[in-house]
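First up is the structure itself, then whatever we jot down about it.
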Amino acid sequence: MKFIPIFFLVLFVVFAALQFNDPDPVPWMFAYLSAAFLSYLAFKGKLVNYVAFISAAIYLLAAVYQWPPQYDGVTGNMDADPN
Numbered sequence: 081m082k083f084i085p086i087f088f089l090v091l092f093v094v095f096a097a098l099q100f101n102d103p104d105p106v107p108w109m110f111a112y113l114s115a116a117f118l119s120y121l122a123f124k125g126k127l128v129n130y131v132a133f134i135s136a137a138i139y140l141l142a143a144v145y146q147w148p149p150q151y152d153g154v155t156g157n158m159d160a161d162p163n
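If you read the sequence shown in the working numbering, its first letter stands for residue 81, the second for the next number, and so on.
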């Protein structure tokens, strides 16, 4: 099961690298690289449970904060006028 943390480590580093062309790359790169670091700690077996739970709570709060008030994406109705 050691391949799972390595997979997420590589995935989060790639996601962080892709943020260079974002209008606000620093907070997103920090989020992805901190997740990569937690994956590295999990791979080494040094991730303490309370650190994982606190990190999960922080990521959950950040997701709620970033949630848009109105979703302007795909509605499923292709015939509807977007305006």
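Quick reminder that beta carbons are idealized off the backbone N, C-alpha and C, glycines included.
Per the contact definition of three or more C-beta pairs closer than 8 Å, is the region 95 to 103 in contact with the region 124 to 131?
no
Assuming the contact rule is C-beta atoms closer than 8 Å, leucine 89 and phenylalanine 123 should be a hit. Round their C-beta distance to whole Å, please.
7 Å
Coarse secondary structure for lysine 124, derived from DSSP in three states:
helix
Would you report the Cα separation of isoleucine 86 and alanine 116, rounded to the nearest angstrom?
9 Å
Between the C-alpha atoms of alanine 96 and aspartate 104, what's the straight-line distance to the nearest angstrom?
12 Å
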